[in-house]
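A.B. asks: Here the protein sequences come in this chain order: A and B.
Each residue of the first sequence is one higher than the one before, starting from 1 at the first, in the UniProt record's numbering.
Each residue of the second sequence is one higher than the one before, starting from 1 at the first, in the UniProt record's numbering.
Protein chains: 2
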Amino acid sequence: MTIKIGILGYGNLGRGAESAIAQNEDMELVGVFTRRDPSTLTIATQGVPVRSANDLLEGEKLDIDVLVICGGSATDLPEMTPKYAARYNVIDSFDTHARVPEHFANVDKAAGNNGNVALISAGWDPGLFSLNRLFGNCFIPQGKGYTFWGPGVSQGHSDATRRIDGVLDARQYTLPVEKALDEVRSGSNPELTTRQKHTREVFVVAAEGADRDEITKQIVTMPNYFDEYDTTVHFISQEEMDRDHSGLPHGGFVLRSGAMASGATSVIEYSLKLDSNPDFTSSVQLAYARAVARLNAEGQKGCRTVFDVAPAYLSPFDGDYLRSHFL
Amino acid sequence: MTIKIGILGYGNLGRGAESAIAQNEDMELVGVFTRRDPSTLTIATQGVPVRSANDLLEGEKLDIDVLVICGGSATDLPEMTPKYAARYNVIDSFDTHARVPEHFANVDKAAGNNGNVALISAGWDPGLFSLNRLFGNCFIPQGKGYTFWGPGVSQGHSDATRRIDGVLDARQYTLPVEKALDEVRSGSNPELTTRQKHTREVFVVAAEGADRDEITKQIVTMPNYFDEYDTTVHFISQEEMDRDHSGLPHGGFVLRSGAMASGATSVIEYSLKLDSNPDFTSSVQLAYARAVARLNAEGQKGCRTVFDVAPAYLSPFDGDYLRSHFL
Ligand SMILES: NC(=O)c1ccc[n+]([C@@H]2O[C@H](COP(=O)([O-])OP(=O)(O)OC[C@H]3O[C@@H](n4cnc5c(N)ncnc54)[C@H](OP(=O)(O)O)[C@@H]3O)[C@@H](O)[C@H]2O)c1
Ligand SMILES: NC(=O)c1ccc[n+]([C@@H]2O[C@H](COP(=O)([O-])OP(=O)(O)OC[C@H]3O[C@@H](n4cnc5c(N)ncnc54)[C@H](OP(=O)(O)O)[C@@H]3O)[C@@H](O)[C@H]2O)c1
Numbered sequence: 001m002t003i004k005i006g007i008l009g010y011g012n013l014g015r016g017a018e019s020a021i022a023q024n025e026d027m028e029l030v031g032v033f034t035r036r037d038p039s040t041l042t043i044a045t046q047g048v049p050v051r052s053a054n055d056l057l058e059g060e061k062l063d064i065d066v067l068v069i070c071g072g073s074a075t076d077l078p079e080m081t082p083k084y085a086a087r088y089n090v091i092d093s094f095d096t097h098a099r100v101p102e103h104f105a106n107v108d109k110a111a112g113n114n115g116n117v118a119l120i121s122a123g124w125d126p127g128l129f130s131l132n133r134l135f136g137n138c139f140i141p142q143g144k145g146y147t148f149w150g151p152g153v154s155q156g157h158s159d160a161t162r163r164i165d166g167v168l169d170a171r172q173y174t175l176p177v178e179k180a181l182d183e184v185r186s187g188s189n190p191e192l193t194t195r196q197k198h199t200r201e202v203f204v205v206a207a208e209g210a211d212r213d214e215i216t217k218q219i220v221t222m223p224n225y226f227d228e229y230d231t232t233v234h235f236i237s238q239e240e241m242d243r244d245h246s247g248l249p250h251g252g253f254v255l256r257s258g259a260m261a262s263g264a265t266s267v268i269e270y271s272l273k274l275d276s277n278p279d280f281t282s283s284v285q286l287a288y289a290r291a292v293a294r295l296n297a298e299g300q301k302g303c304r305t306v307f308d309v310a311p312a313y314l315s316p317f318d319g320d321y322l323r324s325h326f327l
Numbered sequence: 001m002t003i004k005i006g007i008l009g010y011g012n013l014g015r016g017a018e019s020a021i022a023q024n025e026d027m028e029l030v031g032v033f034t035r036r037d038p039s040t041l042t043i044a045t046q047g048v049p050v051r052s053a054n055d056l057l058e059g060e061k062l063d064i065d066v067l068v069i070c071g072g073s074a075t076d077l078p079e080m081t082p083k084y085a086a087r088y089n090v091i092d093s094f095d096t097h098a099r100v101p102e103h104f105a106n107v108d109k110a111a112g113n114n115g116n117v118a119l120i121s122a123g124w125d126p127g128l129f130s131l132n133r134l135f136g137n138c139f140i141p142q143g144k145g146y147t148f149w150g151p152g153v154s155q156g157h158s159d160a161t162r163r164i165d166g167v168l169d170a171r172q173y174t175l176p177v178e179k180a181l182d183e184v185r186s187g188s189n190p191e192l193t194t195r196q197k198h199t200r201e202v203f204v205v206a207a208e209g210a211d212r213d214e215i216t217k218q219i220v221t222m223p224n225y226f227d228e229y230d231t232t233v234h235f236i237s238q239e240e241m242d243r244d245h246s247g248l249p250h251g252g253f254v255l256r257s258g259a260m261a262s263g264a265t266s267v268i269e270y271s272l273k274l275d276s277n278p279d280f281t282s283s284v285q286l287a288y289a290r291a292v293a294r295l296n297a298e299g300q301k302g303c304r305t306v307f308d309v310a311p312a313y314l315s316p317f318d319g320d321y322l323r324s325h326f327l
């Protein structure tokens with residue numbers, strides 16, 4: 001059985017999902033849907049139509065097993081995921097942690113009332129990092145959990161820097177502090193402040209004649225974004241920016257450590273090193289899309305997260321194969 | 001609801017499970033069952049009976065939600081798990097990878113025919129390492145997976161060494177080769193031979209007057225155990241053995257690396273550093289015992305592995321709590 005995938009929203013994740021389908025033989029791309037004028041988009045896959053997002057909602061229901069919704073978390077997904085979950089099985093990568101309960105409730109109602117399965121917040125964080133936070137809590141019940149991000153590009157921080165006067169282009173990297181990571185790995189369960197866990201590094205292309213000291217000051221003191229971190233600012237040329245900083249690498253570490261009842265210490269560490277954050281996120285989304293299709297085929301409905309999916313549902317292989325090759 | 005746990009077999013894992021119950025407030029130990037004469041065992045928990053394993057099979061069914069079977073994998077579990085799964089929900093930590101399909105089939109029949117849930121091969125390998133091998137395959141479909149073990153004590157290799165003439169006591173450590181690990185972490189997907197992945201280190205207490213060169217030769221050339229590895233042998237005193245090598249530390253690494261369809265490399269690394277292999281294994285078993293109790297309460301029956309359990313079932317917390325704290 002081939003799983004028919006629709007992609008809604010053609011940004012970084014949308015393009016990532018499109019290309020990842022080539023690595024999942026049981027999947028087929030049936031359409032890319034956009035809120036922009038479809039005629040303005042050229043996609044990578046030959047023979048697959050680009051259509052208006054409205055086509056998903058108006059007229060007859062399309063033959064799509066799972067719709068991968070690739071809108072932005074800030075404003076797109078809270079509105080889009082419930083809307084489309086009322087008509088299709090869907091998956092999103094919603095990452096505004098604080099608003100998850102509200103998003104879950106809205107999506108659950110829309111999907112549940114209409115017999116669809118919707119899986120929210122699939123990706124690496126939220127997603128695989130969440131799984132490891134949960135696992136850590138279960139296997140080391142009396143312990144402490146830590147999440148470190150990076151080294152990687154934070155798009156929100158890059159955008160915020162770009163809005164400063166005199167900044168033509170900017171790229172922000174979040175870096176875990178190696179010393180803090182090593183302390184956690186030692187099993188000592190340290191208390192760490194925000195400043196002790198991560199540093200930030202910003203590469204800036206400044207306009208000619210711009211006041212670099214003033215730009216630096218505005219960056220490092222920016223509330224919520226930089227003021228609680230040690231931040232280093234580098235001024236570079238646009239050529240250097242384009243040459244050295246055009247990727248979207250990311251990753252990080254989830255650790256859990258604590259003592260068993262006997263007193264023996266256990267440390268669990270999970271880490272990701274991703275050359276492309278969106279490409280890996282899309283690949284994770286497709287595995288969870290496979291699970292969504294199966295859960296719905298079993299008659300399930302409503303909202304799910306990565307916590308609700310048995311690992312076997314993610315794989316194209318059957319139980320016998322999984323037990324003999326991976327167990 | 002309290003989950004009533006019975007422990008069958010009181011060795012390292014049995015003792016670990018007993019003590020781990022103190023860290024799981026929703027669980028209660030109702031009995032320790034042994035194949036030895038119960039009067040010869042003194043357990044750590046006050047007020048809990050030590051009974052004969054026969055009591056589980058004869059007479060009325062006991063009030064136990066999940067029986068944690070802590071026998072040895074080589075000969076105990078293939079016989080014990082199906083036998084007890086016919087009467088109780090059970091969990092084991094069967095680790096003979098090659099015999100998993102056969103064990104699964106036997107246990108599935110016994111549990112399924114009698115309305116029980118049995119989960120086999122829970123622990124860290126098989127168990128959490130298996131999960132990460134499966135996840136890696138799903139999220140990086142075109143890549144390569146690696147498992148490294150150690151640093152840690154291998155009981156089978158320690159036992160084999162002890163059987164050599166002139167050896168009074170021995171402890172074998174398996175060590176991952178740091179250079180190989182680093183190569184894998186780089187994303188280069190190297191081909192590694194057995195010798196390149198692990199080394200072995202053996203601490204031996206020799207009988208007075210024993211031929212140490214002969215002992216060393218017998219160890220390093222032992223077929224299946226040591227001949228494919230670079231092995232270092234150290235002779236120490238019994239005092240040193242007791243002082244420095246009485247623990248059962250273990251751990252290891254599961255890595256997966258490969259290119260996304262775009263060409264961007266992703267590397268996933270999972271690692272465990274355990275002061276006590278059995279204590280951590282028992283803690284994992286209890287979390288899966290919680291899942292077994294719940295699955296059976298939902299009306300499920302038959303054999304399961306870690307691949308079949310949605311992560312939320314492992315946690316004492318409800319969905320709302322999990323989503324707001326761990327997602
Ligand atoms: N859970 C995780 O681990 C994880 C990881 C990475 C990202 N995320 C989340 O995923 C969300 C989407 O990430 P993204 O990197 O794909 O965002 P993006 O590239 O900004 O795309 C978001 C949407 O913007 C629209 N868009 C409008 N004009 C565009 C243009 N000129 N070029 C490209 N897109 C345009 C697209 O929808 P239309 O085609 O309909 O216009 C697209 O779906 C983020 O908000 C983030 O929260 C989660
Ligand atoms: N999946 C994983 O990650 C993982 C990790 C660690 C271990 N394991 C597996 O778990 C199995 C059990 O490990 P273990 O370390 O608990 O083995 P163990 O200490 O040798 O105990 C095995 C059984 O031996 C019996 N026994 C007989 N005489 C004993 C004595 N004097 N002292 C203690 N026990 C005695 C006990 O049953 P009675 O009380 O009925 O006599 C006990 O249940 C191993 O075979 C291994 O395959 C799996």
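Yeah, the Cβ is synthetic: ideal placement off N, Cα and C, and Gly gets one too.
As the structure is a computational prediction, the values presented were derived from the model and not from experiment.
How many angstroms separate the CA atom of D108 (chain B) from the CA atom of Q285 (chain A)?
C.D. replies: Translated into the one-based positions of the second sequence, residue 108 (chain B) becomes position 108. Translated into the one-based positions of the first sequence, residue 285 (chain A) becomes position 285. Each residue's alpha carbon lies about 32 angstroms from the other.
A.B. asks: Please name the residue or residues paired with I64 (chain A) in a DSSP beta bridge.
C.D. replies: Locating residue 64 (chain A) in the first sequence gives position 64, counting from the first residue. DSSP, once it has assigned bridges, lists no residue as partnering I64 (chain A).
A.B. asks: Any heavy atom of ligand 1 inside 8 angstroms of the beta-carbon of T281 (chain A)?
C.D. replies: On the first sequence, residue 281 (chain A) is found 281 positions in, with the first residue counted as 1. T281 (chain A): yes, Cβ under 8 angstroms from ligand 1.
A.B. asks: Given this structure, state the Cα-to-Cα distance separating G209 (chain A) from K217 (chain A), to the nearest angstrom.
C.D. replies: Within the first sequence, residue 209 (chain A) is the residue found at index 209, counting from 1. Within the first sequence, residue 217 (chain A) is the residue found at index 217, counting from 1. Using only the alpha carbons, I get a separation of about 16 angstroms.
A.B. asks: Return the residues of the segment 268–285 of chain A that lie within a Cβ-Cβ distance of less than 7 angstroms from chain B, sorted by chain order.
C.D. replies: Under the 7 angstroms Cβ criterion, the segment 268–285 of chain A contributes I268, E269, Y270, S271, L272, K273, L274, D275, S276, D279, F280, S283, V284.
A.B. asks: Tell me the residue span of the beta strand (DSSP E) that contains S52 (chain A).
C.D. replies: Along the first sequence, one-based indexing puts residue 52 (chain A) at 52. First-last of the beta strand (DSSP E) with S52 (chain A): 50–52.
A.B. asks: Give the interface partners of A312 (chain B) over in chain A, defined as CB-CB distance under 7 angstroms, in chain order.
C.D. replies: Taking the first residue of the second sequence as 1, we reach residue 312 (chain B) at position 312. Chain A residues near A312 (chain B): F307, D308.
A.B. asks: Find the nearest neighbour of L322 (chain B) within the set A:D320, A:R304, A:D318, judged by alpha-carbon distance.
C.D. replies: By one-based count along the second sequence, residue 322 (chain B) stands at place 322. Ranking A:D320, A:R304, A:D318 by Cα distance to L322 (chain B) puts A:R304 first.
A.B. asks: Pull up the distance between the alpha-carbon of V90 (chain B) and that of L272 (chain B), whole angstroms please.
C.D. replies: Within the second sequence, the letter at position 90 stands for residue 90 (chain B). Within the second sequence, the letter at position 272 stands for residue 272 (chain B). If I take the Cα positions, the gap works out to 26 angstroms.
A.B. asks: Output yes or no for whether 9 angstroms exceeds the beta carbon distance between G319 (chain A) and D308 (chain B).
C.D. replies: Here residue 319 (chain A) corresponds to residue number 319 of the first sequence, with the count starting at 1. Here residue 308 (chain B) corresponds to residue number 308 of the second sequence, with the count starting at 1. Result yes, Cβ atoms of G319 (chain A) and D308 (chain B) sit closer than 9 angstroms.
A.B. asks: I'd like to check one pair, D227 (chain B) with T199 (chain B): are the Cβ atoms closer than 9 angstroms?
C.D. replies: Here residue 199 (chain B) is taken as the residue at index 199 of the second sequence, counted from 1. Here residue 227 (chain B) is taken as the residue at index 227 of the second sequence, counted from 1. Not a contact, by the Cβ cut-off of 9 angstroms.
A.B. asks: Whether or not the segment 242–258 of chain A and the segment 185–193 of chain A are in contact is what I'm after, with contact meaning three or more pairs of Cβ atoms, one per stretch, closer than 8 angstroms; do they touch?
C.D. replies: Enough Cβ pairs lie closer than 8 angstroms, so yes.
A.B. asks: Given that residue 328 (chain A) touches chain B, what residues does it touch there, using C-beta distances under 8 angstroms?
C.D. replies: Chain A is shown only over 1 to 327; residue 328 (chain A) falls outside these bounds and no answer can be derived.
A.B. asks: Could you list which residues in chain B have their beta carbon closer than 8 angstroms to that of L300 (chain A), in chain order?
C.D. replies: The residue given as residue 300 (chain A) occupies position 300 in the first sequence. In the sequence under discussion, the amino acid at residue 300 (chain A) is Gln, which differs from the Leu named in the question. The contacting residues do not exist; Q300 (chain A) stays about 11 angstroms from chain B at best.
A.B. asks: Between L62 (chain B) and G156 (chain B), what straight-line distance do the alpha-carbon atoms span, to the nearest angstrom?
C.D. replies: By one-based count along the second sequence, residue 62 (chain B) stands at place 62. By one-based count along the second sequence, residue 156 (chain B) stands at place 156. Approximately 35 angstroms between the Cα atoms of the pair.
A.B. asks: Could you have a look at Y270 (chain A) and say whether DSSP puts it in helix, strand or coil?
C.D. replies: By one-based count along the first sequence, residue 270 (chain A) stands at place 270. Three-state DSSP puts Y270 (chain A) in a strand.
A.B. asks: For H245 (chain B), decide whether its Cβ has a neighbour in chain A, counting only Cβ atoms nearer than 9 angstroms.
C.D. replies: Walking along the second sequence from the start, residue 245 (chain B) turns up at place 245. It does not; no Cβ of chain A falls within 9 angstroms.
A.B. asks: Quick one: list the residues of chain A neighbouring H97 (chain B), beta-carbon separation under 8 angstroms, in chain order.
C.D. replies: Locating residue 97 (chain B) in the second sequence gives position 97, where the first residue counts as 1. Going along chain A in sequence order, the residues near H97 (chain B) (Cβ under 8 angstroms) are L327.
A.B. asks: Using a Cβ-Cβ cut-off of less than 8 angstroms, give me the residues of the segment 134–146 of chain A that come near chain D, in sequence order.
C.D. replies: The displayed structure is made up of protein chains A and B, and chain D is not among them.
A.B. asks: Taking 8 angstroms as the line, does the beta carbon of A53 (chain A) fall inside it for any heavy atom of ligand 1?
C.D. replies: Here residue 53 (chain A) corresponds to residue number 53 of the first sequence, with the count starting at 1. Checking every heavy atom of ligand 1 against the Cβ of A53 (chain A), one is found closer than 8 angstroms.
A.B. asks: Taking 8 angstroms as the cut-off, is the CB of Y10 (chain B) close to at least one heavy atom of ligand 2?
C.D. replies: The count along the second sequence starts at 1 and reaches residue 10 (chain B) at position 10. Y10 (chain B): yes, Cβ under 8 angstroms from ligand 2.
A.B. asks: I'd like to know if T2 (chain B) contacts chain A, where contact means its C-beta is closer than 9 angstroms to some C-beta of that chain.
C.D. replies: To locate residue 2 (chain B), count along the second sequence from 1; it is residue 2. Answer no: the Cβ-Cβ gap between T2 (chain B) and chain A never drops below 9 angstroms.
A.B. asks: Flag this pair as yes or no: are the beta carbons of V204 (chain B) and D169 (chain B) separated by less than 9 angstroms?
C.D. replies: Here residue 204 (chain B) is taken as the residue at index 204 of the second sequence, counted from 1. Here residue 169 (chain B) is taken as the residue at index 169 of the second sequence, counted from 1. A contact, by the Cβ cut-off of 9 angstroms.
A.B. asks: F104 (chain A) touches chain B at which residues, Cβ-Cβ below 8 angstroms?
C.D. replies: The residue given as residue 104 (chain A) occupies position 104 in the first sequence. R323, listed in chain order.
A.B. asks: Among B:G11, B:D211, B:L175, whose alpha-carbon lies nearest the alpha-carbon of I69 (chain B)?
C.D. replies: Here residue 69 (chain B) corresponds to residue number 69 of the second sequence, with the count starting at 1. The shortest C-alpha separation from I69 (chain B) is found at B:G11.
A.B. asks: Just verifying my parser: in three-state terms, what is the DSSP assignment at E28 (chain A)?
C.D. replies: Position 28 of the first sequence, counted from the first residue, corresponds to residue 28 (chain A). Note: E28 (chain A) maps to strand in three-state DSSP.
A.B. asks: Beta carbons nearer than 7 angstroms to chain A: which residues of the segment 110–130 of chain B have them?
C.D. replies: Per Cβ criterion, the list reads S121, P126, S130.
A.B. asks: Keeping to the same chain, check which residues put their C-beta closer than 7 angstroms to that of K301 (chain A); ignore five residues upstream and five downstream.
C.D. replies: Indexing the first sequence from 1 puts residue 301 (chain A) at position 301. The answer, listed in chain order, is A111, G112, G115, N116, V117.
A.B. asks: Of all the residues that make up the segment 19–34 of chain A, which are near chain B by a beta-carbon distance shorter than 7 angstroms?
C.D. replies: Residues passing the 7 angstroms Cβ filter: S19, A20, A22, Q23, N24.
A.B. asks: Is the separation between the beta-carbon of V306 (chain A) and that of L128 (chain A) shorter than 9 angstroms?
C.D. replies: For the purposes of this step, residue 306 (chain A) is identified with residue 306 of the first sequence, where counting begins at 1. For the purposes of this step, residue 128 (chain A) is identified with residue 128 of the first sequence, where counting begins at 1. Against a cut-off of 9 angstroms, the Cβ pair of L128 (chain A) and V306 (chain A) comes out as a contact.
A.B. asks: If you compare alpha carbons, which of B:T265, B:F235, B:Y270 is closest to F253 (chain B)?
C.D. replies: Mapped onto the second sequence, residue 253 (chain B) falls at position 253. Of B:T265, B:F235, B:Y270, the residue nearest in Cα terms is B:Y270.
A.B. asks: In terms of DSSP beta bridges, what is I164 (chain A) paired with?
C.D. replies: For the purposes of this step, residue 164 (chain A) is identified with residue 164 of the first sequence, where counting begins at 1. DSSP, once it has assigned bridges, lists no residue as partnering I164 (chain A).
A.B. asks: Strictly below 8 angstroms CB to CB, what residues from chain A border T42 (chain B)?
C.D. replies: If you number the second sequence from 1, residue 42 (chain B) lands on position 42. What T42 (chain B) touches in chain A: nothing, since even the nearest Cβ is about 17 angstroms away.
A.B. asks: Which class does H234 (chain B) belong to by DSSP, given the choice of helix, strand or coil?
C.D. replies: For the purposes of this step, residue 234 (chain B) is taken as the residue at position 234 of the second sequence. Three-state DSSP puts H234 (chain B) in a strand.
A.B. asks: Is the closest heavy atom of ligand 1 to the C-beta of S93 (chain A) under 8 angstroms?
C.D. replies: For the purposes of this step, residue 93 (chain A) is taken as residue 93 along the first sequence, with counting starting at 1. Answer for S93 (chain A): yes, Cβ within range of ligand 1.
A.B. asks: How many Å lie between D242 (chain B) and R195 (chain A) at the Cα?
C.D. replies: Working through the second sequence from its first residue, we reach residue 242 (chain B) at position 242. Working through the first sequence from its first residue, we reach residue 195 (chain A) at position 195. Spanning the two alpha carbons is a distance of roughly 44 angstroms.
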